[in-house]
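Peer 1:
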Amino acid sequence: MHLRHILRALGRHRIAVGLLVLEIAFSCAVVCNALFLIGTRLERMQRPTGVDEMHVVEVGVRSVTPGTPEATMAQTRTDLARLRALPGVSDAVVANPTLFGDSVSFSSVRLRDDAKAPSLPVAQYFGGAPLARTLGLKLASGRWFRPDEFVGYDALQNDTSAVPVIISRALARHLFPGQDAAGQTIYAFGTNRVVGVVDRLVQPMDYGAAGGYDYAMMFPVDLPYSRGTYLMRVDDPARRQAVIGQALQALKANGPLRLIAPRYATTLEAARAKYYRNDRAMAWLLVGVSLLLLLVTALGIVGLSSFWVGQRRRQIGIRRAIGASRADIRRYFQAENFLIATGGIALGMALAYGINLVLMRHYELGRLPGYYLPIGSVALWVLGQLAVLGPALRAAAVPPVVATRAA
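full-length UniProt numbering puts the first residue of the sequence shown at 1, with every later residue one more than the last.
#1: May I ask you to report which of helix, strand or coil DSSP gives Tyr153?
#2: I need the DSSP call for Gly376, collapsed to helix, strand or coil.
#3: Pick helix, strand or coil for Ile167, following the three-state DSSP scheme.
#4: Please state whether DSSP places Ala162 in a helix, a strand or coil.
#5: Determine, using beta carbons only, whether Pro164 comes closer than 8 Å to chain C.
#6: Specify the secondary structure class of Met218 as computed by DSSP and reduced to three states.
#7: Does Ile186 come out as helix, strand or coil in the three-state DSSP assignment?
#8: So the beta strand (DSSP E) Asn96 belongs to, where does it begin and stop?
#9: If distances are taken between C-alpha atoms only, which option among Met349, Ala182 and Thr297 comes closest to Ala387?
#10: Tell me whether the stretch 210–230 and the stretch 160–180 touch, counting them as touching only if at least three CB pairs, one residue from each stretch, are closer than 8 Å.
#11: Does the distance from the CB of Gly300 to the CB of Ala25 come in under 8 Å?
#12: By the three-class DSSP mapping on this structure, what secondary structure does Gly370 have?
#13: Assuming Lys97 and Phe145 make a contact with CB atoms under 8 Å, what is their CB distance in whole Å?
#14: Span of the beta strand (DSSP E) holding Arg233?
#15: Once you ignore the five residues that flank Ala209 on each side, which residues in its own chain have a CB closer than 7 Å to its CB?
#16: Cα-Cα, which of Gln246, Ile260 and Gln311 is closest to Gly88?
#17: Which of the three DSSP states, helix, strand or coil, is assigned to Thr65?
#18: Over what stretch of residues does the alpha helix (DSSP H) that includes Ser325 continue unbroken?
#19: Nearest-angstrom Cα distance between Ser119 and Ala181?
#20: Applying the 10 Å Cβ sphere with the 16-neighbour rule, what's the burial state of Ala407?
Right, dumping it as structure tokens:
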């Protein structure tokens, strides 16, 4: 089997070969970019938050009639006492915002007490003393908040207040590279001394360009239920739904008329699944499109190869008559398909980078990593060999005499 013989045979069918090369190139480009997009979606969905999500549930309560701040805070304390008394609940707190929720709050963080100094938008959490324990955060350096450092929400809005802050490790490394952030000072709500650094804490919602996803900070604020959501730490993850039901009943039986409904109660694990449902749907859509495109490409290879086998029956018979084995005939068609696929893959690689550049220009997408190209190439080479195998075996099975009479 000589390469020039295969190329000469392909040259007689330039249009058909060209169309098949373009089809393979398009498939290669789309599949490579689809695999990249699927990978980015999966990576996004699997990012750790630093929170012990398996043990946290949340229950939202909405006020029906406004009350005085004192009455609302007193009601919050009795609610928390009821929730902490539930079987299997180790702690409870009011926090704002919550992970994977529908709101997020940012503050501009500066390293100098100067409004014109460079600033960085950082996601912020407010919560009472049990917040870190409830979420299962891990302290990397420094200390947790002391009981006497907690303030009311209104007091936090006073720019002259000196409220301590705990920040994430990623934010600490960004603000104070090569230094221990504990003991340093930042300016967000007035002057804020960093008392601790947690191993990981992320934005409640991924706002991309707003700072970094893992840039976050916590302030010691005692919130009323009207300004936050009840979070509970459950010892046994298997009892989370039971605890949610008991919490709803306890809150309904305690205090004034309020809007307490199951739709405001969920596990943090379920909240994550709901938050990433669009990413998950997009990943499956891309998988479906890629498989459909590969199927169409395979059918095109099968159809064209079968057509060529029918056209070359006399040539096959002559080759068999002069000593070519069935394996020789099969390898000929496989080699022919390999050359066509190689041409399509080479063109597809350039097209894949072109599509990626367009996506980078119009969407927040990174550059296509080079390792996706060999993955797509191998997939199409294997697909081509499998698709041509049937027609190649049928060609190899043609007896010499029958092939010669067919002329």
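Think of the CB as a built atom: it goes at the ideal place given N, C-alpha and C, for glycine as much as any other residue.
Values in this document were obtained by computation on a predicted structure and should not be read as measured data.
Peer 2: In this structure, then:
#1: helix
#2: helix
#3: strand
#4: strand
#5: Among the chains in the structure shown there is no chain C, since it carries only a single protein chain.
#6: strand
#7: strand
#8: Val89 to Asn96
#9: Thr297
#10: yes
#11: no
#12: coil
#13: Reading off the sequence shown, one finds Pro at residue 97, where the question assumed Lys. The pair is not a contact, with the Cβ atoms about 18 Å apart (cut-off 8 Å).
#14: Thr229 to Val234
#15: Because Ala209 sits at a pLDDT of 49, beneath the cut-off of 50, its placement in the model cannot be relied upon, and the point is left open.
#16: Gln246
#17: coil
#18: Neither: Ser325 is in no alpha helix (DSSP H) and is coded neither H nor E.
#19: 17 Å
#20: Reliability fails at Ala407, whose pLDDT of 44 lies under 50, so the model's placement of it is uncertain and no value is given.
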